[in-house]
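According to the numbering used here, the sequence shown is numbered sequentially starting from 14.
Beta carbons: idealized from backbone N, C-alpha and C, even for Gly.
Here the structure comes first, spelled out in structure tokens, and everything after it is commentary.
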Amino acid sequence: MTTVCFSEQDKEYMSRALELAKKGRFTSAPNPNVGCVIVLDDIVVGTGFHFKAGQGHAEVYALAMAGSKAQSSTCYVTLEPCSHFGRTPPCALALIKAGVKRVCVAMRDPNPQVAGQGIKLLQDAGIEVSVGLLEPQAKQLNLGFINRMLHKRARVTLKLGASLDGKTALKNGKSQWITGSQSRCDVQHFRAQQSAILSSASTVLADDPSLNVRFEELQQSMYFKGEISAEQLRQPLRIILDSRNKLTGQEKIFSLPGDIILVALQLRHDLSDFKGVAQVQSVVCPADEAGNIDLRSLLKLLNRYELNDIWLEVGATLAGAFFKAQLVDQFILYQAPKLMGAQARSLVNLDDFSTMDDVLQLTLQEVTVIGNDIRIISNRD
Numbered sequence: 014m015t016t017v018c019f020s021e022q023d024k025e026y027m028s029r030a031l032e033l034a035k036k037g038r039f040t041s042a043p044n045p046n047v048g049c050v051i052v053l054d055d056i057v058v059g060t061g062f063h064f065k066a067g068q069g070h071a072e073v074y075a076l077a078m079a080g081s082k083a084q085s086s087t088c089y090v091t092l093e094p095c096s097h098f099g100r101t102p103p104c105a106l107a108l109i110k111a112g113v114k115r116v117c118v119a120m121r122d123p124n125p126q127v128a129g130q131g132i133k134l135l136q137d138a139g140i141e142v143s144v145g146l147l148e149p150q151a152k153q154l155n156l157g158f159i160n161r162m163l164h165k166r167a168r169v170t171l172k173l174g175a176s177l178d179g180k181t182a183l184k185n186g187k188s189q190w191i192t193g194s195q196s197r198c199d200v201q202h203f204r205a206q207q208s209a210i211l212s213s214a215s216t217v218l219a220d221d222p223s224l225n226v227r228f229e230e231l232q233q234s235m236y237f238k239g240e241i242s243a244e245q246l247r248q249p250l251r252i253i254l255d256s257r258n259k260l261t262g263q264e265k266i267f268s269l270p271g272d273i274i275l276v277a278l279q280l281r282h283d284l285s286d287f288k289g290v291a292q293v294q295s296v297v298c299p300a301d302e303a304g305n306i307d308l309r310s311l312l313k314l315l316n317r318y319e320l321n322d323i324w325l326e327v328g329a330t331l332a333g334a335f336f337k338a339q340l341v342d343q344f345i346l347y348q349a350p351k352l353m354g355a356q357a358r359s360l361v362n363l364d365d366f367s368t369m370d371d372v373l374q375l376t377l378q379e380v381t382v383i384g385n386d387i388r389i390i391s392n393r394d
């Protein structure tokens, strides 16, 4: 198996496959984002990407476009071709049947059902397989999927908006709007890529949010390239932590389309008050030592729903709890050039630290100007 000596042309074609893979990021979950390019005699004869679970994989679309020209071709694919019968037949067998000569794979599939078996199938059929081309870029496209496969839980992103002095709301609770409209559109672009949006009953009762993706704002995001239409938009699952069963069913979220999971310490047997537009179900999660929902148990419980990415829309207390449990994988902070004063509400509630060696350290990934705000993306070490 070849893992080195990729040509500049190899890199060019794999880069194109990676760009194709990005087209599925709003719709492909719970499946990974995958792109494929088929080349014969330095001419691209087939391209494809995976759009939605249950529909054709990237290789299938590329092979269909290539037709007979797939014979003796090179296939560039961003993820190891699948080898098992799932919602669709194995792509590795399709490549073998088409007579592909070489397959260049960006990264192995972390799914235990594949995990090198696709590569082995191709090699056993006499196909040359090269692995590792632009692997970091390929992994970046599927961080949530990789996390779910390896750690049995979704990747968690915390989003907060704050002033320059680190405040998220005035003392009286008012917070609309700290950041500008361009930042809010940017948030929609991130939300649209999530499997679920998680919030708390406290936030729902205080702000009466929608917790959905608003297509008209998504369209205005500087990063949106028209990959999907309003009809193709997939609304993320909404997860509300309501440990004491405080929600009534009259809140705005229940009048909007989409699925909602109410997480509590005791099961709601009667959901008759929640018969709005939304489809609502109730689940029970164990309590932690403080009598609150145990967050590690929560993420383990939610894994049954095949969630790749969870987006947190929470207040300072729950944000602090996720940090304390070491469950925040990515922290996105939108910061506006405003000062809100000492009595305004803080960003995250964390326990006091006695030394600088003890403070929570994140790794800065990116700082971007969004309108009149800045967006800071940090990851957990």
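Go ahead and label residue i buried or exposed: buried means 16 or more other beta carbons lie within 10 angstroms of its beta carbon, across all protein chains shown.
i: L308; result: buried
i: R388; result: buried
i: L352; result: exposed
i: F366; result: exposed
i: C18; result: exposed
i: F267; result: buried
i: S86; result: buried
i: T15; result: Low local confidence applies: a pLDDT of 44 at T15 is under 50, so the model's placement there is unreliable, with the coordinate-based value given in what follows. So T15 ends up on the exposed side.
i: Q339; result: exposed
i: N185; result: exposed
i: Q374; result: exposed
i: N155; result: buried
i: F64; result: buried
i: K238; result: exposed
i: P299; result: exposed
i: A42; result: buried
i: L224; result: buried
i: M120; result: buried
Does DSSP put residue i in a helix, in a strand, or in coil?
i: E25; result: helix
i: L221; result: Residue identity differs from the one stated: residue 221 is Asp in this sequence, not Leu. D221 falls in the coil class under three-state DSSP.
i: G239; result: coil
i: N44; result: coil
i: V200; result: helix
i: Q245; result: coil
i: K313; result: helix
i: I266; result: helix
i: K82; result: helix
i: Q189; result: coil
i: G131; result: helix
i: D54; result: coil
i: D364; result: coil
i: T381; result: strand
i: T261; result: coil
i: D386; result: strand
i: K180; result: strand
i: A66; result: coil
i: G354; result: coil
i: A175; result: strand
i: A349; result: strand
i: S20; result: coil
i: S215; result: helix
i: K36; result: coil
i: P103; result: coil
Thinking residue i and residue j are a contact (beta carbons under 8 Å), I'd like their distance in whole angstroms, please.
i: G59; j: A79; result: 3 Å
i: L269; j: A291; result: 6 Å
i: L177; j: L31; result: Contact flag wrong, Cβ pair sits at about 36 Å.
i: A175; j: L346; result: 6 Å
i: V113; j: A83; result: 6 Å
i: Q206; j: D386; result: That pair is no contact at about 20 Å.
i: V226; j: Q248; result: 6 Å
Is the beta carbon of residue i less than 9 Å from the beta carbon of residue j?
i: V50; j: M27; result: yes
i: P123; j: L163; result: yes
i: I390; j: F344; result: yes
i: E141; j: A107; result: no
i: G131; j: P94; result: yes
i: L250; j: L325; result: no
i: L360; j: K172; result: no
i: T216; j: G328; result: yes
i: S256; j: A214; result: yes
i: F228; j: G262; result: no
i: V127; j: H97; result: yes
i: S234; j: G157; result: no
i: V293; j: I273; result: yes
With which residues is residue i paired in a DSSP beta bridge?
i: S300; result: The identity of residue 300 in the sequence shown is Ala, whereas the question assumes Ser. Answer by DSSP bridge pairing, in chain order: I306.
i: D255; result: Its beta-bridge partners do not exist; DSSP assigns none.
i: C49; result: G61, V90
i: N392; result: Q343, T376
i: R168; result: D322
i: A209; result: L250, I323
i: C117; result: Y89, S143
i: I274; result: I252, Q294
i: R161; result: Note: R161 sits in no beta bridge, so no partner.
i: S359; result: K180
Any beta-carbon of chain B closer than 9 Å to the one on residue i?
i: I345; result: Protein chains in the displayed structure number just one, and chain B is not present.
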